[in-house]
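Working notes, beginning with the structure itself.
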Amino acid sequence: MPRIKKTPYRMCVGCQEMRSKRDLIRVVRTPEESIEVDHTGKRSGRGAYICPNAECLEKAIKGKRLEKALKQQIGLGVKEVLLESLLSQP
Numbered sequence: 578m579p580r581i582k583k584t585p586y587r588m589c590v591g592c593q594e595m596r597s598k599r600d601l602i603r604v605v606r607t608p609e610e611s612i613e614v615d616h617t618g619k620r621s622g623r624g625a626y627i628c629p630n631a632e633c634l635e636k637a638i639k640g641k642r643l644e645k646a647l648k649q650q651i652g653l654g655v656k657e658v659l660l661e662s663l664l665s666q667p
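Pasting the structure below:
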């Protein structure tokens, strides 16, 4: 009898909805203390998941939930890079 593989779920830090891990984008704080979008989902570092839309990113940054999840402050330059990376997601 084949086993059914469980789908992993994660919570979006913006809208705080539980969604499939494949539907979300991982934002990671690397060991070098830089914040980047992890398109593969396998980079080392502390990660947080966010929906692939600008509204969720705005909510996460405005409510300081992304800062809390990554345990690092987020500057304006990083916000612009994250927004650009999220919108260019295929």
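The numbering of the sequence shown is the numbering used here, which starts it at 578 and goes up by one.
Glycine included, each C-beta is placed from N, C-alpha and C at the ideal position.
Less than 8 Å between the CB atoms is what I'm expecting for R603 and L647, so what's the real figure, rounded? At roughly 11 Å, the Cβ-Cβ gap does not stay under 8 Å, so R603 and L647 are not in contact.
Within the chosen definition, does the stretch 622-632 reach the stretch 644-660 through at least 3 CB pairs nearer than 8 Å? yes
So, is A637 buried or exposed, given that buried needs 16 or more other C-beta atoms within 10 angstroms? buried
L664 and Y626 - do their beta-carbons sit closer together than 8 Å? no
L643 versus M578: straight-line alpha-carbon distance, rounded: 42 Å
By the three-class DSSP mapping on this structure, what secondary structure does C589 have? strand
From the DSSP output, read off the bridge partner residues of M595. M588
Nearest by alpha-carbon distance to E594: which of E609, L660, C633, E661 is it? C633
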